[in-house]
Amino acid sequence: MAKLKDKDFDDFVKRQQALSQAPPVDWDKERVEWLGYLDTLYTNIGVFLKEYVDNGSIKLDFKEVRLNEENIGAYNARKMLIQIGRQEVALTPIGRSIIGAKGRVDVEGSAGRARLLLVDKDATSAISSVKVTIIDPKRPPKPEQKAPKHIEWTWKIVTSPPAVAFLELNKDSFFRVLMEVSNA
Amino acid sequence: MRRGRAFSRQNVDIQSHALYHEDLEQSLKLYFSAEAGSFDFRFAGYEPAEVDAELGARLAELELASTLTVLSAVEAAFRIDYLLRCDLKKKDPLSMVFRETYKKKRHWAHLEEDILDVWKIYTDGSAKLIGDLKGAFKFRHWLAHGRYWVYAGQKYDYVTIYALAASALNSFELFGP
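Protein chains in written order, with numbering that gives the first Met the number 0: chain A, 0 to 183; chain B, 0 to 176.
1) If I follow the unbroken alpha helix (DSSP H) through residue 171 (chain A), where does it start and stop?
2) Just to confirm my understanding: we take residue 11 (chain B), look at its own chain, exclude 5 residues before and 5 after, and list those with CB closer than 8 Å. What are they?
3) By a C-beta neighbour count over all protein chains shown, 10 Å radius and 16 as the cutoff for buried, is residue 110 (chain A) buried or exposed?
4) State the start and end residues of the unbroken alpha helix (DSSP H) segment that holds residue 98 (chain B).
5) By the 10 Å Cβ neighbour count, where 16 or more other Cβ atoms means buried, how is residue 113 (chain A) classified, buried or exposed?
6) Rounded to whole angstroms, what's the CA-CA distance from residue 52 (chain A) to residue 53 (chain B)? Just pull it up for me.
7) From which residue to which residue does the beta strand (DSSP E) around residue 167 (chain A) run?
8) With 9 Å as the limit, tell me which residues of the stretch 120-134 of chain A have their beta carbon closer than that to any beta carbon of chain B; keep them in chain order.
9) Please name the residue, chosen from A:107, A:101, A:159, A:115, that lies closest to residue 150 (chain A) on a Cα-to-Cα basis.
10) I believe residue 177 (chain B) touches residue 83 (chain B) by the beta-carbon criterion, under 8 Å. Please report the beta-carbon distance rounded to the nearest angstrom.
11) Taking the alpha carbon of residue 141 (chain B) as the reference point, which residue from B:169, B:155, B:150 has its own alpha carbon closest?
12) Would you mind giving the Cβ-Cβ distance between residue 118 (chain A) and residue 153 (chain A), rounded to the nearest angstrom? I have them listed as a contact below 8 Å.
13) Since residue 88 (chain A) is in the beta strand (DSSP E), which residue starts that stretch and which ends it?
14) Determine the DSSP secondary structure at residue 61 (chain A), reduced to helix, strand or coil.
15) Can you find a CB in chain A that lies within less than 8 Å of the CB of residue 66 (chain B)?
16) From residue 164 (chain A) to residue 124 (chain A), what does the alpha carbon distance come to, in whole angstroms?
The structure is reproduced here in structure tokens:
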């Protein structure tokens with residue numbers, strides 16, 4: 000029993016197949032959707048900064064960057080540049096294929112970096128609380144028949160470890176991020 | 000417990016390490032700012048952009064070092080659990096497979112093939128986490144061996160790795176010394 004048996008492995012493969020009855024991912028659609036969420040982020044930030052952009056104290060600019068991701072392939076995305084006096088803060092899209100999220104943008108200034116993640120609106124932390132249980136592959140638990148949950152994706156700020164909490168992205172929290180990465 | 004088994008108890012607690020990382024990050028930011036007493040001497044002749052670039056390089060290096068430390072801590076946790084499951088003669092299917100591996104490989108069991116893959120087969124709900132961990136360990140391999148080849152896989156940052164490590168340590172019921 001103790002040695003990993005071929006039968007145990009066969010059972011494992013069957014279990015994984017049963018769990019993956021979902022249709023294959025349409026990666027073109029995923030890329031278009033991710034770029035759409037990126038545009039939404041930039042639009043929201045434009046609204047946060049409108050007063051300063053209108054009076055000329057902050058300048059916004061965009062640059063194209065080339066991303067290359069497994070499954071999606073190579074594509075262009077926009078990077079946002081925020082010029083505040085001598086300080087320049089760049090919002091760089093990192094990609095769609097991110098552990099625990101559906102996209103990531105790094106906010107980088109002269110004094111460091113913060114991260115924005117596209118996550119489930121209900122998520123409060125990047126640390127999973129799912130419990131893994133030991134099973135006998137001969138008597139695997141029946142897969143739960145849960146109705147697929149509709150996820151509303153939203154951009155959140157990720158705090159530093161050890162908390163790694165998700166904070167709501169709003170005008171106030173974004174201004175704090177800008178000051179932090181600019182060493183203000 | 001197997002007689003003579005001694006753990007160093009110096010394995011890293013990732014939460015404590017996160018505070019250490021934060022202290023280093025804040026110290027670097029202060030050292031590279033005009034508020035630091037040594038600033039004028041240390042950065043004499045620099046342009047502001049050069050100071051910023053050097054700080055950026057230091058912070059990036061700190062991230063890589065911390066990423067390596069956190070992934071090593073995860074490896075230690077899984078290896079300690081593997082050894083303790085062998086010593087404690089647990090009757091669950093996972094522990095029994097580990098004991099067979101131990102007979103042949105002792106503490107030289109392969110992390111991915113002999114430990115993580117077995118966890119994946121003998122547990123429910125672990126496939127995604129194990130897949131993510133194995134990807135991260137490829138990055139750790141590159142870091143630990145001196146980054147001398149062009150790494151083409153998924154790149155990770157410290158925060159992502161910390162969240163993955165904390166999720167794994169939180170989700171798997173690992174025995175500790």
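Beta carbons are placed, not taken as given, at the ideal position from N, Cα and C, and that holds for glycine.
Well, looking at it:
1) Run containing residue 171 (chain A): 170-180, per the alpha helix (DSSP H) assignment.
2) So the qualifying residues of the chain are 68, 69, 71, 72, 75.
3) Buried, since its Cβ has 16 or more Cβ neighbours within 10 Å.
4) Run containing residue 98 (chain B): 92-104, per the alpha helix (DSSP H) assignment.
5) Counting every other CB atom within 10 Å of its CB across the protein chains shown gives residue 113 (chain A) a total of 16 or more, marking it as buried.
6) Rounded to whole angstroms, the separation of the alpha carbons of residue 53 (chain B) and residue 52 (chain A) is 30 Å.
7) Run containing residue 167 (chain A): 165-167, per the beta strand (DSSP E) assignment.
8) Answer in chain order: 124, 125, 126, 127, 128, 129, 130, 131, 132, 133, 134.
9) Among A:107, A:101, A:159, A:115, the Cα nearest to that of residue 150 (chain A) belongs to A:101.
10) The shown model of chain B, from 0 to 176, leaves out residue 177 (chain B), and the question about it has no answer.
11) Looking at the Cα atoms, B:150 is the closest of the given residues.
12) Contact holds; Cβ gap of about 7 Å.
13) In this chain, the beta strand (DSSP E) harbouring residue 88 (chain A) covers 86-94.
14) Three-state result, residue 61 (chain A): strand.
15) For residue 66 (chain B), the answer is no, since every Cβ of chain A falls outside 8 Å of its Cβ.
16) One C-alpha to the other measures close to 4 Å.
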